[in-house]
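Structure first, then comments.
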Amino acid sequence: RELTEIPDEIPVNVTWIVLNNNLITTIGSNEFTKFTYLRLIRLNNNNISIIHKDAFVGLVNLERLYLSDNELEEAPFLQNISTLETLRLSSNTIRTFPYDALDGLNNLKYLYLDVGVLECDCS
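If you want it as structure tokens, here you go:
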């Protein structure tokens, strides 16, 4: 596939969305909000460099989010996805990891993250 964005045709009652190996670069605001049954999102091996802070708002059942092998320079804003158990961010170019990026992820058990040098704005 060579998708460049999340398709509009996805049924709202899906529990999994797998869009690995595409050309998606941006995850926009409220991109997944209508998918309230969603438990898993796989977006590995795209060209994602921007994830809007409201991209995953309302995903009250999301357990697994895979964003490995993309172009992310900053950890995505995932506050208050309290059901999230697994987060994969490996093989990105993450340099910034905001101190509050994982606030509210009370059930997070697995975080996959490999980074070179993190920049700190500790002021």
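Numbering (UniProt numbering), first residue to last: 1 to 123. For every residue, glycine included, the Cβ atom is placed at its ideal position computed from N, Cα and C.
Q | Simplified DSSP state of Glu74, which is helix, strand or coil | A | strand
Q: Go ahead and pull the three-state DSSP assignment for Val18.
A: strand
Q. Does DSSP put Ile48 in a helix, in a strand, or in coil?
A. coil
Q. If you run the structure through DSSP and keep just helix, strand and coil, what is Ile41?
A. strand
Q) What distance in whole Å lies between the Cβ atoms of Arg64 and Glu85, which are believed to be in contact at a cut-off of 8 Å? A) 7 Å
Q: Using the Cα positions of Glu71 and Asn21, report the straight-line distance between them to the nearest angstrom.
A: 13 Å
Q. For Ala55, which residues of its own chain have a beta-carbon under 6 Å away from its beta-carbon, when the five flanking residues on both sides are left out?
A. Ile27, Glu31
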